[in-house]
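Novice: Quick one: this structure, given as structure tokens, is what I'll be asking you about.
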Amino acid sequence: MVYVVHMTISTAGAIPELNTLPTRLYVAREHAGLTQSELAAKTGMSRTTIGMAEAGSRAPTNATITVWAFACGVDVDWLRTGEAKNPSPDGEGQLARHEGFEPPTF
Numbered sequence: 027m028v029y030v031v032h033m034t035i036s037t038a039g040a041i042p043e044l045n046t047l048p049t050r051l052y053v054a055r056e057h058a059g060l061t062q063s064e065l066a067a068k069t070g071m072s073r074t075t076i077g078m079a080e081a082g083s084r085a086p087t088n089a090t091i092t093v094w095a096f097a098c099g100v101d102v103d104w105l106r107t108g109e110a111k112n113p114s115p116d117g118e119g120q121l122a123r124h125e126g127f128e129p130p131t132f
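See the structure below:
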């Protein structure tokens, strides 16, 4: 028996809505390349808690959002609100240089 599968290719792709906390939680975890189980092990949360937060069936606490952001390497404010702070011209909000990349002092 031979099965024939017909597929169509669409040139228009879906653009995920990032204006919801559950979507940002999912995107942050995926950005970090972590499974739900790996994020759970890294943060001490249960996989069920992570799944429920991503599904939107349980609102995460501020502490959970903060831990999630640090574990995934994303901005806490972006994860919480969907908006990231812009660094100010005086360097406030800038990440510190990695040790060894300081400019020479004479």
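Throughout the sequence shown, residue numbering follows the numbering used here, covering 27 to 132 in sequence.
Heads up, the beta-carbon is just placed ideally off N, CA and C, and yes, glycines get one too.
Between the alpha carbons of THR46 and GLY108, how many angstroms are there, rounded?
Specialist: Residue 46 sits at position 20 when you count from the first residue of the sequence shown. Residue 108 sits at position 82 when you count from the first residue of the sequence shown. Going by the C-alpha atoms only, they are around 8 Å apart.
Novice: Can you name the start and end residues of the alpha helix (DSSP H) that PRO48 belongs to?
Specialist: Counting from one through the sequence shown, the residue named residue 48 turns up at place 22. Taken as a continuous stretch (DSSP letters only), the alpha helix (DSSP H) holding PRO48 covers 47–57.
Novice: Going by CA-CA distance only, name the one from ALA110, CYS98, LYS111 that's closest to GLY59.
Specialist: Indexing the sequence shown from 1 puts residue 59 at position 33. It is CYS98.
Novice: Taking the beta carbon of HIS124 as the centre, do at least 16 other beta carbons fall within 10 Å, making it buried, or is it exposed?
Specialist: Numbered from 1 along the sequence shown, position 98 holds the residue referred to as residue 124. Residue placement at HIS124 cannot be trusted, given a pLDDT of 46 that sits under 50; what the coordinates show is reported in the next sentence. Exposed.
Novice: Please classify MET78: does DSSP put it in a helix, a strand, or coil?
Specialist: As a first step, residue 78 must be located in the sequence shown, where it is residue number 52. It is helical.
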